[in-house]
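Quick note, the sequences are listed as chains A and B, same order.
Number 306 in numbering that gives the first Met the number 0 belongs to position 307 of the first sequence; there are no gaps in the numbering.
Number 192 in numbering that gives the first Met the number 0 belongs to position 193 of the second sequence; there are no gaps in the numbering.
Take a look at the structure set out below.
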Amino acid sequence: MLSLAILVPLIGAFVLSLWTSAGTRAARATAIALSAVPFALLVAAWIGFDASPGAPLFQHIEEAPWIPALGVAWRMGVDGIALVVATMSALLFVAAAAWPIELGERAREYYAWILFLAGVSLGVFLTLDLLLFYVFFDLSLVGMYFLIGRWGHGDSQSAALKFFLYTLAGSLAILLAVLGLVLAGEGPLTFDMRELIARQPLAGMDLRGGLVLLGFVFGFGIKTPLFPVHTWLPPAHVQAPAPASTILAGVLLKMGTFGLLRIPLAMMHETFARYALWIGLIALASILWGALVALGQTSIKRRIAYTSVNHMGYTVLGIAAAGSLVAGHEAARALALTGAVVEMVAHGLITGSLFLMAGSFWQRTQSYTMADYGGLAGVAPKLTAAFILAAFASLGLPGLAGFVAEFQIFAGTFAVHPWLAGLALFGILLTAALFLTMVRALFFGDRKLPDGRGFPDLSRSETVVLAALLALVVVIGVYPAWLLEPIMASARMLVGGAG
Amino acid sequence: MPIGDVLPEICLVLAGVAALLFASFVPQRAQGWCAAMAVAGAIASLLLCLNQLGDAPKSSFSGAWALDAPAIWARVMIAGGTGLVALMAPHWMAGDRRHGEYYTLLLFSAAGAMLMAGAADLLELSVAVLLSSITGYALAAYHRAWSVSVEAGMKYFLIGAFANTVLMVGIALVFGMLGDTRYGQIAAALAEGAASPLLDLGAGLIVLGVLFKMGAVPAHAWMPDVAEGAPAPSAAFLTVIPKIGAAVALARLVTLFPADVLDLRPLIAVLAVLTMTLGNLAALWQQDLRRLLGWSSVSQSGYALVAVAVAGRSPEAIPALLMFLLGYAIANLAAFAVVTHLRGRTRIADYAGLWRDRPWEAAGLILALFSLVGVPPLAGFVGKLTVFLAALDGGYGWLAVLAVANTVISLFYYLRVIGQAYFGRSGRPISVLGWTSGTAVVVTALLTLLIGLAAGIALDFFATATGLLQT
């Protein structure tokens with residue numbers, strides 16, 4: 000089932016790339032239909048997921064040999080964390096495929112790349128093999144490179160190049176770290192995550208463990224992105240087409256934090272605990288720096304892009320808190336880890352829809368400059384409502400998804416590093432300020448538009464996509480239990496297993 | 000005499016002679032058939048090599064000829080690669096008055112590369128290097144009327160003459176110090192402890208002579224010129240085929256000298272760093288795709304040297320070297336096949352709009368370049384992966400880190416080409432050569448993908464090739 004969730008979009012991408020006679024409508028319909036398949040499969044996997052105590056950590060396991068000489072195989076399986084992140088990603092891919100966008104002559108290729116990206120991104124979350132993880136991780140760069148470079152606007156090719164160079168540097172650091180990890184310890188060479196979690200191959204190795212951890216933190220830090228290696232993010236986001244921005248923020252950034260909790264946190268918890276405080280400090284710097292720089296931005300998209308640095312900082316803070324001890328404070332650390340995962344889901348849905356709406360601005364007026372707009376509440380009430388809802392969710396208003404996530408992260412971190420949590424709270428204040436000023440500038444005050452252009456409200460398909468994403472944001476905010484259950488089950492095992 | 004042990008080489012030489020005789024008696028326009036002979040000879044040679052796998056490892060010709068798994072697999076790659084080059088050439092060479100002889104040179108040169116891989120005697124090594132070099136000069140300068148081609152051949156010859164002399168001096172020194180040129184006797188003499196500065200010098204000079212064939216620092220300067228100026232099929236051949244034989248020969252030399260008498264590995268490691276870094280930095284701003292590919296070939300030699308540097312220290316080293324060479328060979332041949340098929344189109348700017356006009360050729364080029372970067376799941380990825388693995392396993396972690404840093408740099412210039420081909424626009428239609436070069440593009444591009452996907456099979460084959468025979 001999980002393999003199908005990866006293979007269906009990949010095969011779809013292949014077929015679309017060869018189906019030369021497909022028009023824009025046919026290509027879009029194919030992309031929507033085929034990206035809905037993994038979503039449906041993952042929902043089915045969710046329903047079949049056993050979150051009761053005593054259930055195994057990884058479920059829905061599938062295995063097929065690939066490179067036996069290196070201990071590499073096609074291994075698929077999910078724990079609660081991977082399951083919710085993958086399901087959220089699959090939903091975002093449906094949204095990205097369904098989002099209406101002007102493409103010109105090469106629409107077919109665009110949808111082929113979206114499907115390709117859907118397949119490889121889900122692969123990152125669903126695989127249980129470290130090398131396969133790297134393969135999918137790297138392929139997601141290739142897909143995003145072509146999407147940004149070809150269908151972006153402005154100086155999109157150099158933004159795509161910068162994105163690729165930065166993140167390839169990160170992924171190669173991860174590759175070296177992976178090799179350093181699998182070569183350590185006893186037993187035959189294997190890339191099986193379950194086996195490596197059980198082995199903890201770097202336990203007791205000081206220098207080597209530190210270096211391997213450095214490789215992982217550097218690599219995943221670039222992808223997440225963490226201060227100070229975040230500088231590829233703003234140009235990539237601003238130049239990318241809206242659905243690509245959504246995928247980038249909603250799915251690709253998650254690979255960084257997901258990797259951090261899946262590999263270093265689970266497979267080398269001793270080393271992780273020794274350096275967790277430093278990771279927490281980097282997270283704190285990202286939270287504050289991201290929020291401060293976002294506050295200074297005058298472009299809608301750049302401002303949203305920098306809030307990603309801030310929000311992903313919370314996620315990393317939660318992960319650092321969860322991994323900061325080898326034993327003790329299990330409940331608080333599981334809470335922090337759960338919060339970090341919910342933040343990943345919430346950020347995907349919220350920031351994903353914010354980027355889609357930024358795309359609506361561009362589609363209508365070709366401008367991201369906030370100063371160009373004003374008083375849009377009168378002309379575009381639906382857009383206003385959706386944007387304000389997403390903005391409030393992003394700044395952590397209780398009753399919406401962002402609050403559930405941040406509350407748990409802070410509550411969990413407070414038990415382990417109270418002062419770290421206290422300093423990070425300033426980030427929330429700044430986020431509130433930057434979203435409120437943006438909402439005020441765009442939607443209230445005197446009506447203002449870039450010269451001579453009309454500003455129609457959200458179209459039908461735009462409304463449907465945004466309504467689906469934002470409804471989930473509200474549902475998670477009001478009734479999060481269904482989401483927390485599988486995450487909590489796995490978080491307890493990861494944290495408890497560390498004890 | 001165990002003639003059977005050199006049947007693959009004999010097969011290549013016979014095919015070469017047949018092509019030469021055929022070309023002497025048929026009119027110029029019918030000489031394209033020589034390509035068919037070359038392809039058939041290469042395939043037959045490849046099959047004969049595979050047939051030897053069962054007997055391996057053994058030594059032959061009084062210990063001058065090592066027939067072990069690494070040598071056999073290297074010869075399989077050399078034969079296969081030569082067949083692919085022969086497939087690229089017919090339409091390119093169709094206008095040349097001496098079309099038929101081209102394949103003779105190609106096959107003889109391939110035989111030289113094969114000899115390098117199996118040489119277990121310094122004198123045989125020098126014969127192999129010379130055979131491969133002399134034919135190589137002619138292949139590079141085959142367009143006699145075109146000054147750039149002649150210049151490439153000239154430069155190759157000048158550096159080659161010097162490097163070959165150095166090799167001979169090195170052999171003379173080692174022979175003088177140890178009293179024999181056969182590896183088995185050398186190993187025996189070294190075991191008795193015969194350390195001496197002159198021996199060190201001799202070994203260093205031999206390494207230098209072999210590095211010339213790999214296009215590695217400090218004997219790399221011919222590579223970009225040959226890639227740019229030689230006929231495109233020759234460039235494909237010379238940047239790939241001799242390198243395979245030379246890399247295995249070098250690994251054999253490195254494992255020949257015991258670490259306590261003379262450890263060549265630190266020297267190789269330093270040269271690996273210099274080679275990949277210099278190649279990458281020089282490639283960064285090239286405006287000419289063939290020259291860029293030449294510099295990239297230099298840098299790729301550096302990664303191969305990483306695997307050589309841990310030969311004998313990690314059981315993964317030789318399989319990694321073979322896997323890397325396979326991935327590199329196929330990807331580089333694919334890139335040059337596209338260049339050949341596009342009639343030698345060489346300025347990067349001229350590749351704008353390739354995707355719109357010729358999507359299949361563009362896809363082949365993009366696959367080849369991504370494979371050279373090491374993007375999974377292509378052949379080059381598995382090669383680099385195993386090399387990094389071997390380097391970490393062999394205690395050369397810093398070398399792996401530098402190789403990774405270089406890979407990031409290299410992405411920049413490969414993307415300059417890929418970006419131009421995929422994003423660029425051009426008004427003019429792009430013309431192509433004939434069906435044979437088109438076939439070469441399809442075959443090499445498919446292999447780039449398939450070898451990566453089926454890496455498990457390839458690595459299972461190479462898994463037996465952990466040690467090198469010193470006879």
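Here a beta-carbon is modelled for each residue, glycine too, at the ideal position from N, C-alpha and C.
Being a predicted model, the structure only gives us computed values, none of them experimental.
query	result
For residue 24 of chain B, is the classification buried or exposed, using 16 other Cβ atoms within 10 angstroms of its Cβ as the cut-off for buried?	exposed
Would you mind stating whether residue 376 of chain B and residue 448 of chain B have Cβ atoms separated by less than 9 Å?	yes
Okay, do the stretch 4-19 of chain B and the stretch 95-115 of chain B touch, 3+ Cβ pairs below 8 Å being the bar?	yes
Quick one: residues in its chain with C-beta nearer than 6 Å to the C-beta of residue 214 of chain A, no 5 flanking neighbours on either side, listed in chain order?	172, 175, 176
Is residue 146 of chain B buried or exposed, if buried means 16 or more other CB atoms sit within 10 Å of its CB?	exposed
At 8 Å on the CB atoms, spell out the chain B contacts of residue 242 of chain A, in chain order.	By Cβ distance, chain B contributes nothing, its closest Cβ being about 19 Å from residue 242 of chain A, past 8 Å.
Is residue 7 of chain B helix, strand or coil by DSSP?	helix
Whose C-beta lies closer than 7 Å to the C-beta of residue 30 of chain B among residues of the same chain, with five residues either side of it excluded?	22, 98, 99
Under 8 Å by Cβ, that's how I've got residue 235 of chain A and residue 168 of chain A pegged, so tell me the actual separation to the nearest angstrom.	About 14 Å; that fails the 8 Å criterion.
Beta carbons nearer than 8 Å to chain B: which residues of the stretch 51-68 of chain A have them?	64, 65, 66, 67, 68
Per the contact definition of three or more C-beta pairs closer than 8 Å, is the stretch 474-483 of chain A in contact with the stretch 237-255 of chain A?	no
Go ahead and label residue 254 of chain A buried or exposed: buried means 16 or more other beta carbons lie within 10 angstroms of its beta carbon, across all protein chains shown.	buried
Give the range of the alpha helix (DSSP H) segment to which residue 424 of chain B is assigned.	Segment: none, residue 424 of chain B is in no alpha helix (DSSP H) and carries neither H nor E.
I need the boundaries of the beta strand (DSSP E) containing residue 64 of chain A, first residue and last residue.	58-66
Just the chain B side, please: which residues come within less than 9 Å of residue 118 of chain A by C-beta, in chain order?	Here the premise fails: no neighbours, minimum Cβ distance about 13 Å.
Give the DSSP-derived three-state secondary structure of residue 191 of chain A in the structure shown.	strand
Thinking C-alpha only, which one of B:165, B:243, B:94 is nearest residue 110 of chain B?	B:243
So, does the CB of residue 156 of chain A fall closer than 9 Å to a CB anywhere in chain B?	yes
Let me confirm a value: residue 0 of chain B is counted as buried when at least 16 other C-beta atoms fall within 10 Å, else exposed. Which label applies?	exposed
Just the Cα atoms here: how many angstroms apart are residue 223 of chain B and residue 115 of chain B?	23 Å
Using CA atoms only, rank isn't needed, just tell me which of A:382, A:23, A:312, A:145 is closest to residue 103 of chain A.	A:23
With a Cβ-Cβ cutoff of 9 Å, do residue 182 of chain B and residue 95 of chain B count as a contact?	no
Roughly how many angstroms lie between the CA atoms of residue 468 of chain A and residue 348 of chain A, to the nearest whole one?	6 Å
Determine the DSSP secondary structure at residue 76 of chain A, reduced to helix, strand or coil.	strand
Identify every run of the alpha helix (DSSP H) within the stretch 183-259 of chain A, keeping only runs that are complete inside it and at least 4 residues long; order them along the chain.	192-198, 205-222, 232-238, 241-246, 252-259
Whose Cβ in chain B lies nearer than 9 Å to the Cβ of residue 149 of chain A?	421, 422
Curious, which full-length alpha helix (DSSP H) runs of at least 4 residues does the stretch 238-306 of chain B contain?	264-282
If the criterion is Cβ atoms closer than 9 Å, does the pair residue 200 of chain B and residue 166 of chain B meet it?	no
Below 7 Å CB to CB, which residues in the same chain sit around residue 380 of chain A once its five sequence neighbours on both sides are set aside?	456
Does DSSP classify residue 446 of chain A as helix, strand or coil?	coil
What would DSSP say about residue 432 of chain B, mapped onto helix, strand or coil?	coil
Rounding to the nearest angstrom, what Cα-Cα distance links residue 284 of chain B and residue 160 of chain A in this structure?	15 Å
Just to confirm, is the Cβ distance from residue 34 of chain A to residue 117 of chain A under 9 Å?	yes
Cutting at 6 Å between CB atoms, please list the residues of its own chain near residue 473 of chain A, excluding the five before and the five after it.	none
Select from A:321, A:375, A:453 the residue whose C-alpha is nearest the C-alpha of residue 261 of chain A.	A:321
Against residue 454 of chain B, what residues of chain A qualify as contacts under a CB-to-CB distance less than 7 Å, listed in chain order?	66
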